[in-house]
Structure formats: structure tokens, C-alpha cells
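What follows is a short report on a single structure.
Protein chains: 2
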Amino acid sequence: MRRRDSKRRARRPAGDLVPQTPWRRLVNPYPPLEILSADHLESIHDTSLRVLEELGIEFLLDEALEHLKAAGAEVTGQCVRFDRALVMELVSRAPAEFTLHPRNPERSVTFGGDHIAFNSVGGPANASDLDGGRRQGNFADFQNYIRLMQSLDVLHLCGGVPVAPIDLDAETRHLDCIQAILTLSDKVWHATGLGRKRVSDAVDMLAIVRGVTREEVRRKPGFFTTINVNSPRRIDGPMLEGLIEAATNGQAVSLTPFTLAGAMSPTTLPGSLVQQNAEALAGIAFAQIVAPGAPVFYGSFTSNVDMRTGAPAFGTPEYTRATLVSGQLARYYDLPYRSSNTNASNTVDAQAAYESQMSIWGAVLGHANLLHHGAGWLEGGLTASFEKAVLDAEMLQMIGEFLQPLVVNDETLAFDAIAEVQPGGHFFGARHTLRHYDTAFYQPMLSDWRNFETWHEDGARNATCRANRIWKELLRRFEAPPLDPARAEELEAFVRRRKEEEP
Amino acid sequence: MRRRDSKRRARRPAGDLVPQTPWRRLVNPYPPLEILSADHLESIHDTSLRVLEELGIEFLLDEALEHLKAAGAEVTGQCVRFDRALVMELVSRAPAEFTLHPRNPERSVTFGGDHIAFNSVGGPANASDLDGGRRQGNFADFQNYIRLMQSLDVLHLCGGVPVAPIDLDAETRHLDCIQAILTLSDKVWHATGLGRKRVSDAVDMLAIVRGVTREEVRRKPGFFTTINVNSPRRIDGPMLEGLIEAATNGQAVSLTPFTLAGAMSPTTLPGSLVQQNAEALAGIAFAQIVAPGAPVFYGSFTSNVDMRTGAPAFGTPEYTRATLVSGQLARYYDLPYRSSNTNASNTVDAQAAYESQMSIWGAVLGHANLLHHGAGWLEGGLTASFEKAVLDAEMLQMIGEFLQPLVVNDETLAFDAIAEVQPGGHFFGARHTLRHYDTAFYQPMLSDWRNFETWHEDGARNATCRANRIWKELLRRFEAPPLDPARAEELEAFVRRRKEEEP
Numbered sequence: 001m002r003r004r005d006s007k008r009r010a011r012r013p014a015g016d017l018v019p020q021t022p023w024r025r026l027v028n029p030y031p032p033l034e035i036l037s038a039d040h041l042e043s044i045h046d047t048s049l050r051v052l053e054e055l056g057i058e059f060l061l062d063e064a065l066e067h068l069k070a071a072g073a074e075v076t077g078q079c080v081r082f083d084r085a086l087v088m089e090l091v092s093r094a095p096a097e098f099t100l101h102p103r104n105p106e107r108s109v110t111f112g113g114d115h116i117a118f119n120s121v122g123g124p125a126n127a128s129d130l131d132g133g134r135r136q137g138n139f140a141d142f143q144n145y146i147r148l149m150q151s152l153d154v155l156h157l158c159g160g161v162p163v164a165p166i167d168l169d170a171e172t173r174h175l176d177c178i179q180a181i182l183t184l185s186d187k188v189w190h191a192t193g194l195g196r197k198r199v200s201d202a203v204d205m206l207a208i209v210r211g212v213t214r215e216e217v218r219r220k221p222g223f224f225t226t227i228n229v230n231s232p233r234r235i236d237g238p239m240l241e242g243l244i245e246a247a248t249n250g251q252a253v254s255l256t257p258f259t260l261a262g263a264m265s266p267t268t269l270p271g272s273l274v275q276q277n278a279e280a281l282a283g284i285a286f287a288q289i290v291a292p293g294a295p296v297f298y299g300s301f302t303s304n305v306d307m308r309t310g311a312p313a314f315g316t317p318e319y320t321r322a323t324l325v326s327g328q329l330a331r332y333y334d335l336p337y338r339s340s341n342t343n344a345s346n347t348v349d350a351q352a353a354y355e356s357q358m359s360i361w362g363a364v365l366g367h368a369n370l371l372h373h374g375a376g377w378l379e380g381g382l383t384a385s386f387e388k389a390v391l392d393a394e395m396l397q398m399i400g401e402f403l404q405p406l407v408v409n410d411e412t413l414a415f416d417a418i419a420e421v422q423p424g425g426h427f428f429g430a431r432h433t434l435r436h437y438d439t440a441f442y443q444p445m446l447s448d449w450r451n452f453e454t455w456h457e458d459g460a461r462n463a464t465c466r467a468n469r470i471w472k473e474l475l476r477r478f479e480a481p482p483l484d485p486a487r488a489e490e491l492e493a494f495v496r497r498r499k500e501e502e503p
Numbered sequence: 001m002r003r004r005d006s007k008r009r010a011r012r013p014a015g016d017l018v019p020q021t022p023w024r025r026l027v028n029p030y031p032p033l034e035i036l037s038a039d040h041l042e043s044i045h046d047t048s049l050r051v052l053e054e055l056g057i058e059f060l061l062d063e064a065l066e067h068l069k070a071a072g073a074e075v076t077g078q079c080v081r082f083d084r085a086l087v088m089e090l091v092s093r094a095p096a097e098f099t100l101h102p103r104n105p106e107r108s109v110t111f112g113g114d115h116i117a118f119n120s121v122g123g124p125a126n127a128s129d130l131d132g133g134r135r136q137g138n139f140a141d142f143q144n145y146i147r148l149m150q151s152l153d154v155l156h157l158c159g160g161v162p163v164a165p166i167d168l169d170a171e172t173r174h175l176d177c178i179q180a181i182l183t184l185s186d187k188v189w190h191a192t193g194l195g196r197k198r199v200s201d202a203v204d205m206l207a208i209v210r211g212v213t214r215e216e217v218r219r220k221p222g223f224f225t226t227i228n229v230n231s232p233r234r235i236d237g238p239m240l241e242g243l244i245e246a247a248t249n250g251q252a253v254s255l256t257p258f259t260l261a262g263a264m265s266p267t268t269l270p271g272s273l274v275q276q277n278a279e280a281l282a283g284i285a286f287a288q289i290v291a292p293g294a295p296v297f298y299g300s301f302t303s304n305v306d307m308r309t310g311a312p313a314f315g316t317p318e319y320t321r322a323t324l325v326s327g328q329l330a331r332y333y334d335l336p337y338r339s340s341n342t343n344a345s346n347t348v349d350a351q352a353a354y355e356s357q358m359s360i361w362g363a364v365l366g367h368a369n370l371l372h373h374g375a376g377w378l379e380g381g382l383t384a385s386f387e388k389a390v391l392d393a394e395m396l397q398m399i400g401e402f403l404q405p406l407v408v409n410d411e412t413l414a415f416d417a418i419a420e421v422q423p424g425g426h427f428f429g430a431r432h433t434l435r436h437y438d439t440a441f442y443q444p445m446l447s448d449w450r451n452f453e454t455w456h457e458d459g460a461r462n463a464t465c466r467a468n469r470i471w472k473e474l475l476r477r478f479e480a481p482p483l484d485p486a487r488a489e490e491l492e493a494f495v496r497r498r499k500e501e502e503p
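Pasting the structure below:
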């Protein structure tokens, strides 16, 4: 079956170690997998509204409590109870679909419906790679990670904070991070939603690189932020401030309860989904009070702990089923749906791959619109791995290809080709093959399909070692996407000024 | 989130390195994923019948040609053309569901409908593990592999020939293999279908260990064999002999064309599926001529080659889509469906895991009834890896758990548990948690969920290294399932006698 000729080799330029599928929007053409009956889904919905009516959610911010009271919720101390009609009315204000606009207008991304988009990991405290090992996050790693996320064409979005640069001042590091993202990348990004100023600065800085006003950024939003519920049933002050600032400025908000079954939510999956649903709907309802029509994601993060130790687990069978049911719930409310690419492995190995696959398939079959933490997440989210980012990119490229609908027509049904090749023959030289071989099949970035002997003689590198070469090659050839120097200077000046303002 | 108490630890006996889900039959409760429209499916069906009518299939056995001619097929030399009405009539004779009965009646397995069962790898020339490296197959490895397949409770079936024992005489090694399988395992197995005598010996030997006649084994079949089409459009003599012997003795036959798109079939996926379908239907039709009502599988193996090199690839996006469409085709003909767990990696790494996941998800969503090569396949099927077997078993256990329907009722919806735990609290001590934690979540065999520091201090073993410990532990504690000594002796005598008969 081995055959080489110059024409075939010509497909991949010599020295091109990193074949990628182009940056392209993806639509999921297949029906979602519905694992719960309509009745059972209704009972999760119903019980979660009972939680909101009878038990309530804590909102740890006076300003938020005032908004909620004015809108008709029942406020007792910091506990807020919602009438179910009120919840449903507020949730119905949220758009079923919206678009985010980065500085490069060609890279806008639409969420909702059958759209599906991939983002990098966000939030880890540590960085890791095979050369440098595991270390605390720092700004050099942060910048390299952004370069890598920009370079991986399968990722529609870039950042957030893939690794926390703890060598920078905590009060102003968001300015450095956003500046790095907006100069090194031209993709939609994820801004930290902790407190008002971080979100407000993100709006200003996006306005600068797009060369527009804050009002225009409000009208055509360009980033999203994650508002985690401090489960069970509590949304803390800085999160609420960030939510208010993002929503009133028109930026997208992902309401994502942290419902780890057995620890922060009940030890049964339906119960955890009830709690997730109550918490997500409460946050979404609140967003629609402060900014009616604000773009939001229904965020799911439900997983489970190891009951023997309490350690969080990800990409488990429970996680996959929760992801599918969450998709059913998001569609029930007609909301764009955000999921994640998770795993609990401590190293970039087979476990990291199969737990991620369990997460990815849950998201794809559940019709997630945004796969957050799409590339790089390791160790339950504590570490951003450079090799894992490449591994994830390969897995996502394969999914992207899987989502291309089969073209069925006379040419692809290939009766003539089958007629041309004799029994026991082969198709290598068939005219049909020559017409199709350039575009026929997915070409991998990371997978090695050479025979054992060739692979062994060439160093017997496993996928993780090959991923190491790939990210270094991508960084070596990285070029920042062009940015008007005047805007770059304005951005620089903004960051300088804002740093001077901070105490 | 860390919590330990003696009750929790008591769940897993001290020193139990290998928690497994019990041997249990699995039913796929979810709807299949249909990626082709009914129209497009019909056009694949229609074109494949055109292939059978106009182009035909070569049958390289005179006896087969006589059967085919007598049944009304058009025979020209070795080329057989089928009228479409004839094909459909013959295929309709095959049962939609059947059961295989091993020597342990409690381990019978039903195929068809929504049943799904997992088998080990079959066919590799090499064995491999971390200690011994990659080596040519031998009988010691064969026996250890059978012990491992028997020990992995997630596997419903065991063997065939997971690794070829080339240190044994080629003409009689099937006798040693079957004897080993029937003494070391009590599961349904896969017998080599190459030629008549191997299949006939399998029938005799199964009759001996079940303590019944050949006729009873015919009536209640106990193994299956794979009949590969030598694609394109050719079934060779030994395969046809094996098919005739298996079908006339009532044993199940998996008709599996070897349609590697770009090499043995067209360079477009619909074209390869047309060819696969024509070849599979021809083989199934032939089986129904020689033994009307014989149990058969619709076998799919369609993958693609790397067009640059001709190297076979597995677990690709094309493979997954072909697996799903093949499921649609099998259901179209109301036939039990056989798929595989494949990958092209040369080592047990992340690639081996993600390519296998792409295969497994295709099979599960395509409603395969038999996942052949379920555990151990490496390197495009050239090597049976002991560590890969454990990795696969973990992935299949997770799928088995994923296929358990969620129980939704007042207890699992857990309103009272949510009411019991205050906002910002935790569920560790909740009464609901105490009621559920023993059975709440999937307990992994291979995944390591400990935190990084603990994992690192304990040797920082990746999943492959951990798999190495697991299979050795399973072999260490292996006990063969009880077999009546008289039957074991009779089996031994049969093998001795048959060896003496061979030239």
C-alpha cells in the first residue's frame, strides 16, 4: 500500500510540520443527541423553578439586590426568590443567537442555533511543557500561549487568561493581558469578569483596537466573560459587578454554575442538573434585568467528584451525560449553550486524550455553541499545557472535519471508478482518484501514520513529544496579525494611564 | 474538597488495583445518529445494487460458483452478477437478531436491535508491552492475552486470535489456540474462518466443552467468524470455504469488506460505502444461499489511506462518518451490525486514545451490535498491546456507564438535598449524599484523579505505565473459569488426534 511520487509529496510543502485546516466557522449539521425524555426534562426544569421559588439564590451585592427587588423578586437579606413566571419572562428576553466582533471583522463568530466554536483554555494558575516542566504562571508563558492560540486555526477564539501571569501586579495585570491579546491575536476573546474595572477596561481597549467608540462596542460586542456561580446557590460580589458591567455594555456573559456533583451539588446527576439549572437561570434572569436583551450563554460545567477522596473528576461518563442534558435544557430555553473540553489528567497522556474526548463528544452531540477551554486544559484546569493545546487542536480539527456533511452525488458515489478498477486491483492510479486525492481526506497535524519501522528509526516519538515540536515550530514562525500602529500606540498609552490611576 | 474516612475507603478493598464494572450485557438506550438523509442512503443502496447487477463480485471457489448459479445469479467465469430482487430476497432471509452461547450459559450474548457487545482484538502478528517491547507473536503471549481478555469484565467476548502464535505449526496452531481459549475463557469467541477445517474443528471443540453434539452447537451457535472481502470485489477461496462451513454449521459470520478508501475502494467516502455495501451484501446473500437463515453481521471496516504515502489510517473523521453511515445501512437491511475499535498509532499514547475514541463513538452512535477489536488493537491492527487492552477496557467501561439511562425521580432530583445544604456550603455530609455515595459515580480502573503533588510523589506514572501494572496484576491473580475435567481431557484428546491426522 506504500506509494510515493513527487506529485503526492508536493501537497505538503517541504518542512511544513504543521498542516492545519483553515480558520473556518463550523455548523453542526447533525441532530442533537437527546438522552432525556421530554417528561424527564420537564421535571428537571420544574424542580429547578421550585428551587428558585422556595429556596432562592444568594446575591452578594447590594446593587444587585436592589435591581432584583425592583424587578419583582422576593429579597430576604441576601437571599432572592423568584416567581417562576418572572424567571421565564426574564429569560425569554435573552437572544437565541448573537455575534461577537473582534478587531478583525473576518473573524466574527456567531453563537446559537447549530453554530459551534472553539476557545482556548482559560484560568489555569500553572503553565507546563515538556522542556520547562510545570511552573507557576508568568507573563512570558502567557504571551507565548496567546501566540499559540492565535496560531492554531481550529480555534475560533483566543484567551482569556490561559495562564495567570502572577509575576505581574494583580490589580493591573488584566491591562497587560488584554494588551497582549489585542496585539498578538485578532480573534474574539474571553475577558476576566471579576469586578467592574476589568470588564470596563476590556471595553475601552477593544474600542481602541477597533477604532470605534464604547457605544459601538456595546452595539457590536466583541468578547465574552464567564460568571461562575459559587455553588451551591450563591453568586458573589465581584462576579455580579463583572456581570453588570459586561451586560450593560452589551458584551456576552456565560452563566456557569460550578456544580461538582457530590461536593457542590447533589450526589445524583438529575439533582446536580436541577441545581445547575436554577443557578444558571437566576444569573441569566438577573442579566436580563440590568440589560434586557443582553447576550448570554447557558453555561454547563456539571461534573462529579471521586467519592472516595473528594477529588474533582472531569470527562467522566457522568460529565458526558450532564453535558447532553444541559444541551437539552439550553434548547428548552432557546439560549446559546456553552460547554467545555475537560480532563483530570496530570500529564499529557492517553487519559488526557480520552477524558477530553468524552467532553468533546458530549459538547458536539449536545450541540454546544461554544466549547470553552477547548485547547490546553490539563489537571482539572489547574495547568495550561503547551503540548495539550496541540493535542486538543488535532482532536478539534478532526471534529471540524467530522462536521462537514458528506456530499452524495454521482461523482462521489463513484460507480465509474468501481467499474474502472478490476477485482483484486487498487485505486491508486484510477482517474477518479487523481481527481480527488488533493482534497479527499483529513490530513492530520499530530497523528503519525507511518509504519512502525519508519517511526521507530525516526526516534519513536509519541504524540506528546510530537506535540512539543509542533508548538515550538508554531511559535518560531509566529507573526502577529497586523494592527494599525496608531491604534497600538493608543492602546499602550491607555494601559500606561490606567496603571498610573491604580493605587 | 479532600475528605477521607474509613467508610469511603472501605468501598475498594485494600490492594485492589483494578476496580471493574461487572460483566453485564449492554443495551444502547439512545437514538442512533443518522448523518445521511433517507434519499442519500437510498442512493448508496441503489448504486451498490447497480454494482452487483452490472459489475459483479469475484468468488474464487468453484463450489461457491455452483451454489450461486443454482440460486439464479449470473456467473461468468468467476464473476458473479446479482439481480437486485435476488439480492434483497436472499438478504431478507438473515435474522435481525441472534444469540451466541459459550460454554458458560450465563455469558450468552445477543446481537441485533439495540444490543452492543465488546470483543478483544483479533489478528495481529505482533505482541507488545512496556517490559518486553514489540515482538513476533508466540503462544505464551497468546495465552496471556486470552487470560487478560477473560479477566477484563467489560469484554463480552474473548479472542479469536489476539496475537498469532507463529512458534506453533501453522497447520495445527488453530487447535492449540481454540483449546487455550476454551480452557482459559468461558466467553463467546471469534474463530478463524480461513478454510473449512479450522471452522469444523471449532465446532467440534465447542461441542466438547459444552458437552453437546455438533447438531446442538448448530442449533445454538457459540462463536462467530470474520469473512473479509479481498476488496475490491473479490472473495477468495479459503474465506469462502470458511464461510460455508460456519454458515452450514449455524455459526455467525461477519461479512467485512476491507474498503480502505483511496487504495482498495474509491477516494470518496460515498463511493467506498457503495463498494462496501455491494461486497457485504454479496457475501451475505451467498451465506443465505448455502444456509438460509444463518446468523450474519453486516460488517463495516471502511477507513482511508494517507493519500501522500498510501499508509492506512484509522479512527479518522472519515472512519467515524463511514461507521455511522454503515449503521444506517445495516438498519436498512435489518441486520446485526459489526464495527471495530481502531487506531493507527505505533505506541500507547494520546493518539492511540483519540483515534480509538473516534472509532468507539462512531460505533456507539451508529448502534453497532458488536465492537470487534474492542481491546488491544494497536498500529493499524499489526500489534496486540497489553497496555492498550487496559486503556481500551477503561474507555469501554466508561461507555458502558454512559449507556446506563439516567433515573429521574424525586429522590434523584434531590430537591430536599438542595434545601438541606446552605448557600456556599457543601454536600459531603448531606443525608442524600450518604444514601448515594456508594453507587453514585463511575469508579475508574485506569484514570488517576489524585492531585498533581500526590501523583508526582508517587512516581508520576502516565496512563500507559499504570496500564502496565494493571494487566500484570490481572494476570497475577488469574484463575481459569471451572471446566469439567472430563471435558478438558476430551478436548486434549481431540487436539492430539487431530494433530496426528494432519500431514
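Protein chains in written order, with the working numbering: chain F, 1 to 503; chain Y, 1 to 503. Built from N, CA and C at the ideal position, the CB exists for glycine as well.
Residue i in three-state terms, based on DSSP
i: residue 129 of chain Y; result: strand
i: residue 320 of chain Y; result: helix
i: residue 112 of chain Y; result: strand
i: residue 433 of chain F; result: helix
i: residue 2 of chain Y; result: At residue 2 of chain Y the pLDDT is 38, less than 50, meaning the model places this residue with poor confidence and gives no usable figure here.
i: residue 328 of chain Y; result: helix
i: residue 380 of chain F; result: helix
i: residue 145 of chain Y; result: helix
i: residue 100 of chain F; result: strand
i: residue 294 of chain Y; result: coil
i: residue 299 of chain F; result: strand
i: residue 179 of chain F; result: helix
Sheet register partners of residue i (DSSP bridge)
i: residue 465 of chain F; result: Its beta-bridge partners do not exist; DSSP assigns none.
i: residue 118 of chain Y; result: Y:371
i: residue 223 of chain F; result: F:189
i: residue 228 of chain F; result: F:256
i: residue 356 of chain Y; result: In the DSSP output, where bridge partners are listed per residue, residue 356 of chain Y has none listed.
i: residue 312 of chain F; result: F:305
Chain Y residues whose Cβ lies nearer than 7 Å to that of residue i
i: residue 462 of chain F; result: 347 and 349
i: residue 379 of chain F; result: 452
Other residues of its chain near residue i: CB distance less than 7 Å, five sequence neighbours each side excluded
i: residue 4 of chain F; result: Only weak support is given to the placement of residue 4 of chain F: the predicted model assigns it a pLDDT of 38, under 50, and the question is left unresolved by the model.
i: residue 1 of chain Y; result: Here the model assigns residue 1 of chain Y a pLDDT of 36, short of 50, so the residue's position is not dependable, and the following value carries that caveat. Answer for residue 1 of chain Y: no residue qualifies.
i: residue 310 of chain F; result: 263
Amino acids of chain Y, ordered along the chain, whose beta-carbon sits closer than 8 Å to that of residue i
i: residue 355 of chain F; result: 447
i: residue 440 of chain F; result: 261, 262, 267, 268, 304 and 307
Close beta carbons around residue i, own chain, < 6 Å, minus the five adjacent residues each side
i: residue 295 of chain F; result: 95, 98 and 252
i: residue 337 of chain F; result: 298, 327, 330, 368 and 369
i: residue 61 of chain F; result: 237 and 240
i: residue 554 of chain Y; result: Residue 554 of chain Y is absent from the structure shown; chain Y starts at 1 and stops at 503.
Residue i: contacting residues in chain F (beta-carbon distance under 8 Å)
i: residue 55 of chain Y; result: 418 and 419
Interface partners of residue i on chain F, CB under 7 Å
i: residue 401 of chain Y; result: 317
* Which residues, in chain order, does the region 99 to 117 of chain Y contribute to contact with chain F at a C-beta distance below 7 Å? -> Of all residues in the region 99 to 117 of chain Y, none has a Cβ within less than 7 Å of some Cβ in chain F.
* Asked: Taking a cut of 8 Å between CB atoms, which residues from the region 293 to 319 of chain F lie near chain Y?
  -> Residues 304, 305, 306, 307, 308, 309, 310, 311, 312, 313, 316, 317 and 318.
* Asked: Listed in chain order, which residues of the region 316 to 341 of chain F have Cβ atoms closer than 7 Å to some Cβ of chain Y?
  -> Taking 7 Å as the Cβ-Cβ cut-off against chain Y, the residues of the region 316 to 341 of chain F that qualify are 316, 317, 318, 320 and 321.
* When Cβ atoms are compared, which residues of the region 57 to 68 of chain F fall closer than 8 Å to chain Y? -> Answer set for the region 57 to 68 of chain F: 57 and 58.
* Determine which residues of the region 236 to 250 of chain Y have a Cβ less than 8 Å from any Cβ of chain F, and write them out in chain order. => So the list is empty, because no residue satisfies the distance condition.
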